[in-house]
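Residue numbering for the sequence shown follows numbering that gives the first Met the number 0, starting at 0 and increasing by one per position.
Beta carbons: idealized from backbone N, C-alpha and C, even for Gly.
A short write-up of the structure that comes next.
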Amino acid sequence: MKFPETRLRRLRYNNKVRNLVENVSLSTSDLIYPIFVCEGNNTKNEIKSLPGQYQLSIDNVLVLCKDLKKSGIQNIIIFGISSKKDETGEISCNQKSIVPMAIKEIKKSFIDEFLVIADVCNCSYTTHGHCGTIINNEVDNDLTIETLAKQSIELAKAGVDIIAPSDMMDGRVQLIRKKLDKNGFVDLPIFPYSVKYASSFYGPFREAVDSSPKKGDRKSYQMNFKNSNEFMREIEQDLNEGADAIIIKPALSYLDIISRAKNKFNVPIIAYNVSGEYSMVKAGHEKKYIEEEHVMMEIMYSIKRAGADAIITYHALEIANALKKDHV
Ligand code: PBG
Numbered sequence: 000m001k002f003p004e005t006r007l008r009r010l011r012y013n014n015k016v017r018n019l020v021e022n023v024s025l026s027t028s029d030l031i032y033p034i035f036v037c038e039g040n041n042t043k044n045e046i047k048s049l050p051g052q053y054q055l056s057i058d059n060v061l062v063l064c065k066d067l068k069k070s071g072i073q074n075i076i077i078f079g080i081s082s083k084k085d086e087t088g089e090i091s092c093n094q095k096s097i098v099p100m101a102i103k104e105i106k107k108s109f110i111d112e113f114l115v116i117a118d119v120c121n122c123s124y125t126t127h128g129h130c131g132t133i134i135n136n137e138v139d140n141d142l143t144i145e146t147l148a149k150q151s152i153e154l155a156k157a158g159v160d161i162i163a164p165s166d167m168m169d170g171r172v173q174l175i176r177k178k179l180d181k182n183g184f185v186d187l188p189i190f191p192y193s194v195k196y197a198s199s200f201y202g203p204f205r206e207a208v209d210s211s212p213k214k215g216d217r218k219s220y221q222m223n224f225k226n227s228n229e230f231m232r233e234i235e236q237d238l239n240e241g242a243d244a245i246i247i248k249p250a251l252s253y254l255d256i257i258s259r260a261k262n263k264f265n266v267p268i269i270a271y272n273v274s275g276e277y278s279m280v281k282a283g284h285e286k287k288y289i290e291e292e293h294v295m296m297e298i299m300y301s302i303k304r305a306g307a308d309a310i311i312t313y314h315a316l317e318i319a320n321a322l323k324k325d326h327v
């Protein structure tokens, strides 16, 4: 049957019928809120290029956690900002390092309230800003994954719930899994950033954690956005090495990748709506070019529709509040 017998608008004529047939959902439990934790006390620095996001000392992270709890947000991912840096990032591999300290405090104050994910990378801790150990002007894969595994053990000891390596080295999932198991953390999941493009959308984040490479770029380890197939091998490899779920980032310019990953692999997918994607919405709103809340929700639904099961997003608090109003 075709027009005029078939009229597709019948399923859109009013709100009730639209609600009845819609099949993409978004709820607060899908959201993961990124937190930037820094050293010191009573510190709350707004990050210029990420309006509404802050570098927070641990005491203020705990204040934020109270707000998150009120809004029903259960999942957080922690990024460390460290004034102490060295050549390899090894400086992060102890219980006194900023992220293990923050995790311990969060777990002490909010027993069982939050799923705490830790981003595992060296770039916040290296003097040169690259994600690993540099040998002959190149990030050395096999030395770097040793440091990442050490960092992961410290995070595990601090009580983290999920390890999320974001470095894009080969073999890091396997080594981290092996070391975690050897240290008795057999139940601790690894959610690697399996698909991470060398993207300019990370700009505001690098300002936030002071992790821009002092020289060169990250193209020899992060993926080339002009390649549409290598993501499959990256995911396959991580799953073979023991990944429990995968993270894809950025999200918005990579919805095709999320969708193809969903069709090919039966594994939970987390999309990272990264800093540049967030800041563009904020800037558009400030200029009064777009209606922020509606654009934000449309973006979130597009990421869910592509096949993501969960979303890491700086908008998480705003979304949780918008979902309560139930009109977007
Ligand atoms: C660390 C890391 C980065 C992001 C998450 N983990 C920056 C990078 O790889 O340069 C980016 C997140 C964002 O832009 O919101 N390697």
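Which one of Ala282, Ser28, Met299 has the shortest CA to CA distance from proline 249?
-> When C-alpha distances from proline 249 are compared across Ala282, Ser28, Met299, the shortest belongs to Met299.
Exposed or buried, what is isoleucine 134 when buried is set at 16 or more other beta-carbons lying within 10 Å of its beta-carbon?
-> Classification for isoleucine 134: exposed.
Proximity test, glycine 131 beta-carbon vs the ligand PBG heavy atom, cut-off 7 Å | Not so, every heavy atom of the ligand PBG lies at least 7 Å from the Cβ.
Helix, strand or coil: how does DSSP classify methionine 0 here?
-> DSSP places methionine 0 in the coil class of the three-state scheme, outside both helix and strand.
Please confirm whether asparagine 44 and tyrosine 53 have their CB atoms less than 8 Å apart.
-> Their beta carbons are under 8 Å apart, which means asparagine 44 touches tyrosine 53 by this criterion.
Is the CB-CB distance between phenylalanine 230 and valine 194 below 8 Å?
-> Less than 8 Å divides the Cβ of phenylalanine 230 from the Cβ of valine 194.
Buried or exposed: which applies to proline 348, given that a residue is buried once 16 or more other Cβ atoms fall within 10 Å of its Cβ?
-> The chain is shown only over 0 to 327; residue 348 falls outside these bounds and no answer can be derived.
Drop a sphere of 10 angstroms on the beta-carbon of proline 3, count the other beta-carbons inside from all chains shown, and report buried for 16 or more, exposed for fewer.
-> Using a 10 angstroms sphere on the CB of proline 3, the tally of other CB atoms stays under 16, which defines it as exposed.
Could you give the DSSP three-state label for tyrosine 201: helix, strand or coil?
-> Helix.
Secondary structure of cysteine 122, DSSP reduced to three states | Note: cysteine 122 maps to coil in three-state DSSP.
Look at the alpha carbon of arginine 232 and the alpha carbon of threonine 42, and state the distance between them as a whole number of angstroms.
-> Their backbone Cα atoms lie some 42 Å apart in a straight line.
Quick one, which of Val266, Ala315, Lys65, Lys218 has its alpha-carbon nearest glycine 51's?
-> Glycine 51 has its Cα closest to that of Ala315, out of Val266, Ala315, Lys65, Lys218.
Start and end of the beta strand (DSSP E) containing phenylalanine 78?
-> Where phenylalanine 78 is concerned, the enclosing beta strand (DSSP E) stretches over 74-80.
Hey, is the region 117-128 in contact with the region 89-105, meaning 3+ C-beta pairs nearer than 8 Å?
-> Result yes; three or more Cβ-Cβ pairs closer than 8 Å.
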